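So the structure is just underneath, and the comments pick up after that.
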Amino acid sequence: MTPDPNSLYGPLDPAPEAGWSQAPPRMGFFTDTSVCIGCKACEVACKEWNDVPTSGLDLLGMSYDNTGALTANSWRHVAFVEQPRPAGHRTPPFAGNPTDGSVSPASAAVAAGTGNPTGTDPGVPPGDPDAAARMAAGPEFLGMPGSQPPGRTGTADGRSDFRWLMMSDVCKHCTHAACLDVCPTGALFRTEFGTVVVQEDICNGCGYCIPACPYGVIDQRKGDGRAWKCTLCYDRIGAGKTPACAQACPTESIQYGPLEELRERAAARVATLHERGVPEARLYGHDPDDGVGGDGAFFLLLDEPEVYGLPPDPVVTTRDLPKMWKRAGLAALAMAAAAVAAFVGGSS
Amino acid sequence: MTSDQPVGDRFRQFRDRVDGGGQPSGGPGGEGAVSRRRGGRRGGEELRVPEAEFVSYYGRPIIKPPVWKWDIAAYLFTGGLAAGSSLLAAGGQLTGRPALRRAGRVTALAAIGASTAFLIRDLGRPERFHHMLRVAKPTSPMSMGTWILAAFGPAAGVAAVAEAAPLLPAGGLLGLGGRVLPPIGRVAGLAAAATAPALATYTGVLLADTAVPSWHEAYPELPVVVAGSALASGAGVGLIAAPAEQAGPARRMALAGAALEVGAASRMESRLGLLAEPYRTGRPGTLLRAGRVLTAAGTVGALAGRRSRVLSVVSGAALLAGSLATRFGVFHAGLASARDPKYTVVPQRERLGRRPKTTAVAAD
Numbered sequence: 001m002t003p004d005p006n007s008l009y010g011p012l013d014p015a016p017e018a019g020w021s022q023a024p025p026r027m028g029f030f031t032d033t034s035v036c037i038g039c040k041a042c043e044v045a046c047k048e049w050n051d052v053p054t055s056g057l058d059l060l061g062m063s064y065d066n067t068g069a070l071t072a073n074s075w076r077h078v079a080f081v082e083q084p085r086p087a088g089h090r091t092p093p094f095a096g097n098p099t100d101g102s103v104s105p106a107s108a109a110v111a112a113g114t115g116n117p118t119g120t121d122p123g124v125p126p127g128d129p130d131a132a133a134r135m136a137a138g139p140e141f142l143g144m145p146g147s148q149p150p151g152r153t154g155t156a157d158g159r160s161d162f163r164w165l166m167m168s169d170v171c172k173h174c175t176h177a178a179c180l181d182v183c184p185t186g187a188l189f190r191t192e193f194g195t196v197v198v199q200e201d202i203c204n205g206c207g208y209c210i211p212a213c214p215y216g217v218i219d220q221r222k223g224d225g226r227a228w229k230c231t232l233c234y235d236r237i238g239a240g241k242t243p244a245c246a247q248a249c250p251t252e253s254i255q256y257g258p259l260e261e262l263r264e265r266a267a268a269r270v271a272t273l274h275e276r277g278v279p280e281a282r283l284y285g286h287d288p289d290d291g292v293g294g295d296g297a298f299f300l301l302l303d304e305p306e307v308y309g310l311p312p313d314p315v316v317t318t319r320d321l322p323k324m325w326k327r328a329g330l331a332a333l334a335m336a337a338a339a340v341a342a343f344v345g346g347s348s
Numbered sequence: 001m002t003s004d005q006p007v008g009d010r011f012r013q014f015r016d017r018v019d020g021g022g023q024p025s026g027g028p029g030g031e032g033a034v035s036r037r038r039g040g041r042r043g044g045e046e047l048r049v050p051e052a053e054f055v056s057y058y059g060r061p062i063i064k065p066p067v068w069k070w071d072i073a074a075y076l077f078t079g080g081l082a083a084g085s086s087l088l089a090a091g092g093q094l095t096g097r098p099a100l101r102r103a104g105r106v107t108a109l110a111a112i113g114a115s116t117a118f119l120i121r122d123l124g125r126p127e128r129f130h131h132m133l134r135v136a137k138p139t140s141p142m143s144m145g146t147w148i149l150a151a152f153g154p155a156a157g158v159a160a161v162a163e164a165a166p167l168l169p170a171g172g173l174l175g176l177g178g179r180v181l182p183p184i185g186r187v188a189g190l191a192a193a194a195t196a197p198a199l200a201t202y203t204g205v206l207l208a209d210t211a212v213p214s215w216h217e218a219y220p221e222l223p224v225v226v227a228g229s230a231l232a233s234g235a236g237v238g239l240i241a242a243p244a245e246q247a248g249p250a251r252r253m254a255l256a257g258a259a260l261e262v263g264a265a266s267r268m269e270s271r272l273g274l275l276a277e278p279y280r281t282g283r284p285g286t287l288l289r290a291g292r293v294l295t296a297a298g299t300v301g302a303l304a305g306r307r308s309r310v311l312s313v314v315s316g317a318a319l320l321a322g323s324l325a326t327r328f329g330v331f332h333a334g335l336a337s338a339r340d341p342k343y344t345v346v347p348q349r350e351r352l353g354r355r356p357k358t359t360a361v362a363a364d
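Protein chains in written order, with UniProt numbering: chain A, 1 to 348; chain B, 1 to 364.
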């Protein structure tokens, strides 16, 4: 079998490329954050079904997100952003609106250092306090937090508007999955549905997949030593069922289905939102021409990806691998030549 | 999870820190106050790159830093040392310099043994180390490295064992061994040396083939840096072990290794822009500067101390220490670049800015 010219980069149907004959259509998630209510039912359902261990019950102090990140013990992570925001015509401030956010820049800066005993490594690493303060200050900093409790100023001048962004993050099941490419044991594999799954009886915890993932999804479980992540409920979808998170989602923010169909549905949803006056709605990870060949799990976002903790332009690291091996080959030749010259040249 | 603490303790600690517990950004303040402190916090370091503004999710890193512990940084050194010293041994073998041959072979075996131990120790499931041998995957530098190690290790081992031949008695079965071992050792020594350049340089690809920004973007230079560092450390062994009349090649090897390493590293740092910052600042910056000074001093000492045994030994030790510092420096620079979302977001944003805006239109 000749490898596809796009086997490392570019648009591709991953399951046939991985050797599956008569593969079923590629399955995936479309997570529409415009209807996410941040209830975290997806996180709970995932833990229940997949028997994922606890990931800490402490409060992180940065927002209503106390999970922090995708880890080996959190295969769905609901990001929660609260920011003050200038009042626009679209969402006028009501009388009862709070005058400041639940998180001030100062408290966000301190919260950047908080963690949770997730039982994983690196789990939820601490962040940069300055960046966290800027984040909590919002798209436009509106001044110091008020000294009064929220909504207590009594005048329209003292009120501020704010926004809530919620997004249920998950493994992207990339078309070109760096974790799978670099796995030295074959523990990570491509399923017939085009998803990426770790075989727990093979993984020896080398940890190479963890820094390879451009999204920071996969993580190592402490004590256990192996790498774990979302399987897109391989056991459920194999039996024709919907993955646990999508099944539990009360607002259909998480939609599961054939990727082709989801992409059409997502394009229609973006068009609808633009029509209704939400120009900031945009898709993320839907494009087969992006740096990872398109995600099996893609998103509708209401701001730039990095606001949600997603990389703005992820590229699969193995895109450059042929060039890397070439460079290493040249370096090896130079090294051999230097050794030969050291012994041949000179007199002593 | 925190049942040993009184209820609300964690919140009280948090509140105390917000109320001005001397945290970098502890005081109430907006962007102005924050960025002023930002300059102060990194005081002492001169940054050529201006501080970049970027958006993040509460300052948390986007990618996960490697979970590799110090064993992997140590392996980067011992693997390179094994490669460098086996080249030294093969050269000594072919040009009739027994001291170089002996020291090189023994060091290669010790270093490759330590490498294997470090690599297995760092696994989450050490007892499953042999799962590495299930597949051979060119897309996985670690898999390729496993097979390179599997070829190099036994060859280096046999070559080193052959050095025991003179210790065996002349007669009997052991005597036969004493006669058979040297030719076997010669073949094995050459086989090890043939694999050595691959062993030394693949680790550059191992680090670069990740999403860690300062490693990935450094992929053109990293293999050269590790190759040079390996040569310098191998030369260090020769300088320590060989008498002055045999150490000539080790001196030249030190010069070549130092030139490759320092040349590639400085090109890397001048090319990478913002992503060079982790190589210059903090602990990795200190380690890399120390590595450069030690390597340079070791090379100068090696070239100057042709007749002084003491100076040769000191120079050899400096070369080894320089290589060690360089490996730990490169390793920790990668960790630092993964831990700060700035290094992930800013270069990707710049990349998007350079690209014609076709994707944005397609999404509309």
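For glycine and all other residues, C-beta sits at the position ideal for the given N, C-alpha and C.
This structure is a prediction, so every number in the text was calculated from the model and none was measured.
Opening and closing residue of the beta strand (DSSP E) in which residue i lies
{"i": "residue 130(A)", "result": "Segment 129-137 is the alpha helix (DSSP H) holding residue 130(A); no beta strand (DSSP E) there."}
{"i": "residue 297(A)", "result": "297-301"}
{"i": "residue 330(B)", "result": "Element bounds for residue 330(B): not the beta strand (DSSP E) but the alpha helix (DSSP H), 309-339."}
{"i": "residue 189(A)", "result": "188-190"}
{"i": "residue 283(A)", "result": "282-284"}
{"i": "residue 220(A)", "result": "219-221"}
Identity of the residue in the options nearest residue i by Cα
{"i": "residue 94(B)", "options": "288(B), 118(B) and 190(B)", "result": "190(B)"}
{"i": "residue 19(B)", "options": "107(A), 30(A), 62(A) and 26(A)", "result": "107(A)"}
{"i": "residue 78(B)", "options": "335(B), 352(B) and 324(B)", "result": "324(B)"}
{"i": "residue 184(A)", "options": "283(B), 339(B) and 128(B)", "result": "128(B)"}
{"i": "residue 258(B)", "options": "342(A), 62(A) and 297(A)", "result": "342(A)"}
{"i": "residue 119(B)", "options": "84(B), 150(B), 97(B) and 106(B)", "result": "150(B)"}
{"i": "residue 204(A)", "options": "124(B), 169(B), 59(B) and 174(B)", "result": "124(B)"}
{"i": "residue 68(B)", "options": "239(B), 335(B), 171(B) and 185(B)", "result": "335(B)"}
{"i": "residue 137(A)", "options": "176(A), 198(A) and 63(A)", "result": "63(A)"}
{"i": "residue 317(A)", "options": "293(A), 17(A) and 28(A)", "result": "293(A)"}
{"i": "residue 218(B)", "options": "236(B), 266(B) and 186(B)", "result": "266(B)"}
{"i": "residue 184(B)", "options": "243(B), 249(B), 159(B) and 138(B)", "result": "159(B)"}
{"i": "residue 245(A)", "options": "259(A), 25(A) and 230(A)", "result": "230(A)"}
{"i": "residue 317(B)", "options": "328(B), 302(B), 329(B) and 330(B)", "result": "302(B)"}
{"i": "residue 74(B)", "options": "348(B), 355(B), 327(B) and 354(B)", "result": "327(B)"}
Beta carbon proximity, residue i to chain E, threshold 7 Å
{"i": "residue 58(B)", "result": "Here the protein chains are A and B, and chain E is not one of them."}
Cβ neighbours of residue i in the same chain (closer than 6 Å, five flanking residues each side left out)
{"i": "residue 28(B)", "result": "Low per-residue confidence applies at residue 28(B): pLDDT is 37, beneath 50, and the placement is therefore not dependable enough to give any value."}
{"i": "residue 15(B)", "result": "none"}
{"i": "residue 242(A)", "result": "256"}
{"i": "residue 352(B)", "result": "none"}
{"i": "residue 283(B)", "result": "332"}
Presumed contact (8 Å Cβ cut-off) between residue i and residue j, rounded CB distance
{"i": "residue 228(A)", "j": "residue 219(A)", "result": "7 Å"}
{"i": "residue 338(A)", "j": "residue 253(B)", "result": "7 Å"}
{"i": "residue 233(B)", "j": "residue 156(B)", "result": "Going by Cβ atoms, the distance from residue 233(B) to residue 156(B) rounds to 15 Å, so no, they are not a contact pair."}
{"i": "residue 126(A)", "j": "residue 113(A)", "result": "5 Å"}
{"i": "residue 152(B)", "j": "residue 199(B)", "result": "5 Å"}
{"i": "residue 194(A)", "j": "residue 296(A)", "result": "6 Å"}
{"i": "residue 45(A)", "j": "residue 248(A)", "result": "3 Å"}
{"i": "residue 204(B)", "j": "residue 223(B)", "result": "3 Å"}
First and last residue of the uninterrupted alpha helix (DSSP H) at residue i
{"i": "residue 93(B)", "result": "70-94"}
{"i": "residue 267(B)", "result": "248-272"}
{"i": "residue 211(A)", "result": "209-212"}
{"i": "residue 355(A)", "result": "Because residue 355(A) is not part of the residues shown, which for chain A are 1 to 348, the question remains open."}
{"i": "residue 301(B)", "result": "282-304"}
{"i": "residue 365(B)", "result": "Beyond the ends of chain B as shown, which are 1 and 364, falls residue 365(B); an answer cannot be given."}
{"i": "residue 13(B)", "result": "9-18"}
{"i": "residue 213(B)", "result": "213-216"}
{"i": "residue 236(B)", "result": "222-241"}
{"i": "residue 234(A)", "result": "234-238"}
{"i": "residue 205(B)", "result": "172-208"}
Residues near residue i in its chain [Cβ-Cβ closer than 7 Å; skip 5 each side]
{"i": "residue 213(A)", "result": "178 and 179"}
{"i": "residue 40(A)", "result": "78"}
{"i": "residue 281(A)", "result": "34, 270, 273, 274, 300 and 302"}
Residues near residue i by beta carbon distance below 8 Å, same chain, minus five either side
{"i": "residue 61(B)", "result": "338, 339, 340, 341 and 344"}
{"i": "residue 331(A)", "result": "none"}
{"i": "residue 252(A)", "result": "32 and 35"}
{"i": "residue 31(B)", "result": "Below a pLDDT of 50, predicted positions are generally treated as unreliable, and residue 31(B), at 34, falls in that range; the measurement from the model is reported next regardless. Result list for residue 31(B): empty, nothing under 8 Å."}
Problem - Unbroken stretches of the beta strand (DSSP E), 3 residues or longer, contained in the UniProt domain "4Fe-4S ferredoxin-type" (27-57) of chain A - result: 27-32
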